[in-house]
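A short worksheet on the structure shown next.
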Ligand SMILES: [Zn+2]
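Laid out in structure tokens, this is it:
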């Protein structure tokens, strides 16, 4: 019977909401578990990819609820900042891409588009849309605690946060570099940029070369290579300028001049020129005082650095290759002819200045040439030049030593020489510095971003040493899932610096002491988990913005002040104030924070920082869970590929249960999940099978079931014991997996491994002609646990199956207890017995296949006693760590009863040893603790099954003294076909 997924979904969504089962209130008799996930920006509808993080958090919440915790899982909406503002601007500018995507992909009604020019309308619309999607997805959210970041009380809360940070000296005014949008005149960080790119900075040294009273600065990270410079490179097609820069006359690219302005240099452009005008000129290198020519190079990008590049062909593979290409006429031939540069170019020789494995004193090898040869590179357009460069740079950095031709820096390590040359050049005014973006960053408005030194701006001072130490301390105590990601957090804490915390525009909270600025979105979203406690009281109209101020939050969150005073100042009941405080203390600290991996370098780390700054140690967050992203059929989702699936559209088509499971089954936490319709269909088929079994079971009269409800294992058959044993193994495995949020492993167990077990069980039971009633009790135990374990993943259909299994009398499976593994049900003999049957069946089938016979009779001989005794003997030795043949054999020969037999059957004994050594340690221990397995009765029990599968009669017997054929080993009976 096919399932009507959508109506099942609607039925149970209504039932949960009517019964309010996901509302959580403080309860001193129950342990709480507070779990949150990064709230969404409602600036566009959600697609399937968004579903993963939220679904994972919900599965976690549902699991912990079934483990008996009073789980609080709330949700808010992030209206602050550029994500929403930029979207409305793009619509106001009539951006067809966006508008068409909204209408055609996401089904937004065209008449709404006009209203979207107002940011708040976008936020409200998609807030509703996303919330509806979350309900349909079955997220077990306590919606009474919903809020937006522009709610008046929330703004008061953020005001409190910022006043607190400022009072602690963690907000500073100063000049620092920020990523900057020149169009919006506003700082940018990850959530302000297209593709969510966090701007990264790199500080170059600008070494000043001289030409005719002008300075040509070149940007480099390798100051020490000045000793190997042979020429400069300039792009003949590039736009350059002569400009007054502070008190000097510089020649730099036009783009560079603009960047210098943002870096607060006094720049006045006096003349524009083309790169070609500089070619062939001679410049003087500082420090070494040597004249070198300027040569043309197409690879020079005027928008990088100053647009002028220092060439060090002995140590920079790019330079070496470019020079070689010029010398050998591979590039720019016409240009060189026209400008008569041949002699100049041919005269340039690489100057080696560093000793390393690529250059020893006694050879003439040129390091850049060596590495180019190693990579077999033949042109400057070869992309492997990048790898070659990285290899040589890092090798020389760690192992290189400066040669004698480097003045007083000779014999220094490259590492030390680099710092020293840099300092000396700067102190002698031969160099300056310049901060650049290390990566390409575009603002959400589409403009290319640059670095700006913001002066007199407000920064959160994440470089504060004591603050960093507290953050490390919190991280050390915290659980991080998966554990591999902890290093990444450490790294982020180490490099985080002053961070601009306000913007000129957007929705949000004004900086309390400078109302021209609005607190930006990655700063007003770091401690809001605490606000979920307040939101419940706001939403039920028990408090409003008139009742809250800094003293209120001080009291509720920190216990500062007297309750009476605060209550009277805030004009609220003392009792109400106390209950808010108590509720906060009940739920805090936060037990688990979920988010995508992209938020590690910002949000998640800020979350740690701000908690440790504002809250006492006992209220610091306890766990962070990070997950990877979602691919669609193995490809990244993108508009251009047309493979974006809106979440609500997918729900309407497939139902949310299958989407939830599909999002989680293909990957563990950090891996990218691959969403495919094939997987979704296969999951549905599996679950349909489980559902049908529930329906069949429910049709058996309760009387029949009652007869077996004593759970009397004496009346059980071998396969019953086996299935229940397997069930308890799986419960253990799934519980372990869930504790570590290895959801893929858990789901795989529930959907696939349990299905294999069940199919084997049914095969066994049916081959013995057992009736449905006869197996109903075991089936019921099995299904009951399976449905419980499936419930966090596929909650709607699990409720349906649960109600069928329990005739509507079982309550909600969402609130049912997670199954506990019962060790007493683990039956090693049953476990090994069924394996024996399966293996024997497979062996026989293989023999039949290989010999191409149709046997009428199959005789199975099991191993005789002395083999068992020897086998167990060896097993004991191996378990103790004795794994060497000679040692094993010497030891077993001391067994007087069997010495002769062992000697007579040495090759068989060796086979035994081999099979034991190739076994898993767990299996060895299991077999050792069982001792001798009664293989004859086990195989006889499966006689029906074997006969049915093989269409032959089966004879099972133990080898004995009189058998002529003696090929059986323990766990490996001998098989004869007749
Ligand atoms: Zn912009």
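Numbering (the working numbering), first residue to last: 145 to 1122. Ideal Cβ positions, reconstructed from N, Cα and C, are used throughout, including at glycine.
- DSSP places residue 573 in the coil class of the three-state scheme, outside both helix and strand.
- A residue is called buried once 16 or more other Cβ atoms fall within 10 Å of its Cβ, and residue 153 is buried on that count.
- In this structure residue 673 is buried. Its beta-carbon is surrounded by 16 or more other beta-carbon atoms within 10 angstroms.
- In the three-state DSSP reduction, residue 375 falls in the strand class (E or B).
- Rounded to the nearest whole angstrom, the CA to CA distance from residue 1015 to residue 918 is 38 Å.
- Residue 355 carries a strand assignment under DSSP once its states are collapsed to helix, strand and coil.
- With a threshold of 8 Å, the Cβ atom of residue 518 does not count as near ligand 1, since no heavy atom of the ligand is closer than that.
- According to the DSSP assignment, residue 415 belongs to the beta strand (DSSP E) that extends over 411-418.
- Shown here for residue 482: not one same chain residue has a beta carbon closer than 6 Å to its own, the five before and five after excluded.
- Around the beta carbon of residue 455, 16 or more other beta carbons sit within 10 angstroms, so the residue counts as buried.
- By the rule of a C-beta closer than 6 Å to any heavy atom of ligand 1, the residues picked out are 325, 327, 328, 587, 589, 591.
- One thing to note: residue 301 has its Cβ within 9 Å of the Cβ of residue 675.
- By the Cβ neighbour-count rule, residue 517 is exposed, with fewer than 16 other Cβ atoms within 10 Å of its own.
- Between residue 750 and residue 831, the gap from beta carbon to beta carbon reaches 9 Å or more.
- Taking the Cα positions, residue 499 is about 43 Å away from residue 332.
- Around the beta carbon of residue 311, fewer than 16 other beta carbons lie within 10 angstroms, which makes this residue exposed.
- Residue range 214-216 is occupied by the beta strand (DSSP E) that includes residue 214.
- Taking the Cα positions, residue 953 is about 12 Å away from residue 944.
- Exclusion of the five residues before and after residue 250 leaves 189, 790 as the residues of its chain whose Cβ lies within less than 7 Å of its Cβ.
- Its Cα nearest to that of residue 590, the residue 327 stands out among 327, 809, 400, 726.
- In this structure, the straight-line span from the alpha carbon of residue 1010 to that of residue 1001 is close to 27 Å.
- For residue 638, the secondary structure class from DSSP, reduced to helix, strand or coil, is helix.
- The Cβ atoms of residue 637 and residue 753 lie closer than 9 Å to each other.
- In this chain, the alpha helix (DSSP H) harbouring residue 268 covers 263-280.
- Nearest in C-alpha terms to residue 403, of all of 600, 688, 385, is 385.
- A distance below 8 Å between beta-carbons, with the five flanking residues on each side excluded, links residue 748 to the following residues of its chain, in chain order: 633, 737, 739, 768, 770.
- At a Cβ-Cβ threshold of 9 Å, residue 644 and residue 329 do not count as neighbours.
- At a Cβ-Cβ threshold of 9 Å, residue 867 and residue 901 count as neighbours.
- In this chain, the alpha helix (DSSP H) harbouring residue 995 covers 972-995.
- For residue 1076, the three-state secondary structure derived from DSSP is coil.
- Take residue 1021, set aside five residues on each side of it, and the residues of its chain with a beta-carbon closer than 7 Å to its own are 1032, 1035, in chain order.
- By the neighbour-count definition (other C-beta atoms within 10 Å, threshold 16), residue 863 is a buried residue.
- About 5 Å separates the beta carbons of residue 962 and residue 211, which is inside the 8 Å limit, making them a contact pair.
- Annotation: the continuous beta strand (DSSP E) that includes residue 1005 extends over 1001-1006.
- Membership of residue 601 in any alpha helix (DSSP H) is not indicated; the residue belongs instead to the beta strand (DSSP E) covering 594-605.
- Per the C-alpha coordinates, the member of 1095, 231, 1117, 1082 positioned closest to residue 651 is 231.
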